[in-house]
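Visitor:
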Amino acid sequence: MLQCLSGSSCVRVVEGYKSTWYFLVLVSAYLLYLIFGALVFSAVELPYEEQLRQELRTVKQQFLNDNECLSEERLEEFLTRALEASNYGVSVLNNATTNWNWDFTSALFFASTVLSTTGYGHTVPLSDGGKAFCIIYSVVGIPFTLLFLTAVVQRIMEFSTRRPVEYLHRRWGMSKPLLAALHASLLAIITVSCFFLIPAIIFSVLEEDWNFLESFYFCFISLSTIGLGDYVPGEGYHQRFRELYKLGITFYLILGLIAMLVVLETFCELQQLKKLRKMFYLRKQKTEDQLNIVDHDHLSFASVSDQASSFREDKTDIFPDDIVSASPTTTSNGTMDR
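Under full-length UniProt numbering, the sequence shown has 13 at position 13, and the numbering climbs by one with no breaks.
(1) Could you check the C-alpha separation between Ser-185 and Ala-111 for me, to the nearest Å?
(2) Would you please state the rounded distance, in angstroms, between the beta carbons of Thr-250 and Thr-117? I believe it to be under 8 Å.
(3) Less than 8 Å between the CB atoms is what I'm expecting for Phe-220 and Phe-196, so what's the real figure, rounded?
(4) Can you confirm whether the segment 200-211 touches the segment 264-279 when touching is taken to mean that 3 or more C-beta pairs between the two stretches lie within less than 8 Å?
(5) So, is Gly-256 buried or exposed, given that buried needs 16 or more other C-beta atoms within 10 angstroms?
(6) Is it right to say Glu-68 is buried, meaning 16 or more other beta carbons lie within 10 angstroms of its own, or is it exposed?
(7) Helix, strand or coil for Gln-239 per DSSP?
(8) Out of curiosity, what's the CA-to-CA distance linking Glu-72 and Gln-61?
(9) So, helix, strand or coil for Cys-69, using DSSP?
(10) By a C-beta neighbour count over all protein chains shown, 10 Å radius and 16 as the cutoff for buried, is Ser-309 buried or exposed?
(11) Does the distance from the C-beta atom of Thr-35 to that of Val-152 stay below 8 Å?
(12) Considering only C-alpha positions, which residue in the set Arg-155, Pro-177, Tyr-245 and Arg-170 is nearest to Phe-203?
(13) Check for me: the alpha helix (DSSP H) holding Ser-193 runs from which residue to which?
(14) Within 10 angstroms of its Cβ, does Thr-58 collect 16 or more other Cβ (buried), or is it exposed?
(15) In this structure, does DSSP put Asp-209 in helix, strand or coil?
(16) Among Leu-24, Gln-272, Thr-105 and Phe-159, which has the Cα closest to the Cα of Glu-243?
(17) Less than 8 Å between the CB atoms is what I'm expecting for Leu-178 and Ile-142, so what's the real figure, rounded?
(18) If we ignore side chains and look at the alpha-carbon of each, how far apart do Pro-47 and Glu-265 end up?
(19) For my contact list, Leu-223 and Ser-19 are in at a C-beta cut-off of 8 Å; report their separation, rounded to the angstrom.
(20) At what residues does the alpha helix (DSSP H) containing Asp-128 begin and finish?
(21) Alpha carbon to alpha carbon, how far is Val-25 from Met-260? Give it in angstroms, no decimals.
(22) Looking only at its chain, what residues have a beta carbon closer than 8 Å to the beta carbon of Leu-108, apart from the 5 residues adjacent to it on each side?
(23) Would a C-beta distance cut-off of 8 Å place Gly-229 and Gly-121 closer than the cut-off?
(24) Please classify Thr-150 as buried or exposed, where buried requires at least 16 other C-beta atoms within 10 Å of its C-beta.
(25) Quick one: is Thr-80 buried, meaning 16 or more other Cβ sit within 10 Å of its Cβ, or exposed?
(26) Roughly how far, in whole angstroms, is the beta-carbon of Phe-218 from the beta-carbon of Phe-23, given that I think they are within contact range, below 8 Å?
(27) Could you give the distance in angstroms between the alpha-carbon of Leu-32 and the alpha-carbon of Glu-50?
(28) Have a look at Ser-175, Val-165 and Leu-147 and flag the residue whose alpha-carbon is nearest the alpha-carbon of His-183.
(29) DSSP on Ile-249, reduced to helix/strand/coil?
(30) According to DSSP, simplified to helix, strand and coil, what is Gly-256?
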């Protein structure tokens, strides 16, 4: 008996806190996924880093051997200064001096990466005034961008997802959840083709040092707003029509980000994913005031129903069926029948 009570109480506890258990499992899985990613990245990239460090040490030592008049300290000072300038997007190489980082098109590209929170990091403000303006510009611009994207995505969703699914549901009579899932899959395939595969081919042709994988990698890193900054288009030394190219990339990033949000919102509206998300949500509990209001309304409705029922019963007692049936009625000619 005690075991039965204990088992039933445990079941009630588990059922009552089901979403909490699901949430703890989700947090644990996320932490394990982070650790898994760190282990894989470390195992894959650490040997390449060590190899590159060894090559740099070899080149540096060979340079010092060929130039004995140059001390290692002076060389370190020069390299430190050059690397600091490179972090600000300024290169010390002669063939890179023609590319300005703060002409209008480059500044427009920088503003779009700031507002979209992509932030490649290849170009950053140099002056204190530029840093201060960047803070103010971002504080106002990022919420403004979220509002803009939300409004645009909502309007696109109405014509690209909701109306087509509703029309096909009425036309073919298919199940709406199944039809929505097929539509979302088709929309994802079209988006990947138009904003990942085709642009990757174009970038691999326009960028001399990029292959298809690196171009596809740039498209994904950019449109997912990760923005690592290791690959930035239009920064080549002999880039033709650089200003027009930068302008086109800016519009591509904005349109691609909108397309990605449309796809994500389409998948989020699927019934299957809604059920999955609800597993981790807390149940909404009514406050005591709301419960009192509900109870009061219920009691009021019940009392009115009881009064109506009692009134009908009293009426039936006062006017029994034989009396009611014997009551006079009016005929079609206006006379009264008994």
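Don't be surprised by glycine CBs; every beta carbon is placed ideally from N, CA and C. Just so it is clear, the structure is predicted and the values come from calculations on it, not from any experiment.
Guide: Let me spell this out:
(1) Those two C-alpha atoms are separated by around 33 Å.
(2) Rounded to whole angstroms, the Cβ separation of Thr-250 and Thr-117 is 15 Å, and the two are not in contact under 8 Å.
(3) The pair is a contact, with the Cβ atoms about 7 Å apart (cut-off 8 Å).
(4) Touching, no, given that fewer than three Cβ pairs across the two stretches are closer than 8 Å.
(5) Buried, since its Cβ has 16 or more Cβ neighbours within 10 Å.
(6) Label assigned to Glu-68: exposed.
(7) The answer is coil: DSSP assigns Gln-239 none of H, G, I, E or B.
(8) If you take the alpha carbons of Glu-72 and Gln-61, they lie about 9 Å apart.
(9) DSSP places Cys-69 in coil when its eight states are reduced to three.
(10) Unreliable positioning characterises Ser-309 in this predicted model, as indicated by a pLDDT of 48, which lies under 50. A coordinate reading is not provided.
(11) According to the sequence shown, residue 35 is Ile rather than Thr. If you check the CB distance, Ile-35 and Val-152 do not come in under 8 Å.
(12) Ranking Arg-155, Pro-177, Tyr-245 and Arg-170 by Cα distance to Phe-203 puts Tyr-245 first.
(13) Here Ser-193 belongs to no alpha helix (DSSP H), and DSSP marks it neither H nor E.
(14) Label assigned to Thr-58: exposed.
(15) In the displayed model, Asp-209 falls within coil according to three-state DSSP, outside both helix and strand.
(16) Of the listed residues, the one whose Cα sits closest to Glu-243 is Thr-105.
(17) Contact doesn't hold; Cβ gap of about 38 Å is too wide.
(18) Pro-47 and Glu-265 have their C-alpha atoms spaced approximately 40 Å apart.
(19) 33 Å between Cβ atoms; not a contact.
(20) 128-157 is the extent of the alpha helix (DSSP H) around Asp-128.
(21) Using only the alpha carbons, I get a separation of about 28 Å.
(22) Close CB contacts of Leu-108 within its chain, under the 8 Å cut and outside five residues either way in sequence, are with Lys-246, Leu-247 and Thr-250 (chain order).
(23) Judged by beta-carbon spacing, Gly-121 lies within the 8 Å limit of Gly-229, meaning their Cβ atoms are closer than that value.
(24) Counting the other CB atoms within 10 Å of its CB gives Thr-150 a total below 16, which places it among the exposed residues.
(25) It counts as exposed.
(26) Going by Cβ atoms, the distance from Phe-218 to Phe-23 rounds to 36 Å, so no, they are not a contact pair.
(27) C-alpha of Leu-32 to C-alpha of Glu-50: approximately 27 Å in a straight line.
(28) If we check each option's Cα against that of His-183, Val-165 comes out closest.
(29) Reduced to three states, the DSSP call for Ile-249 is helix.
(30) Helix.
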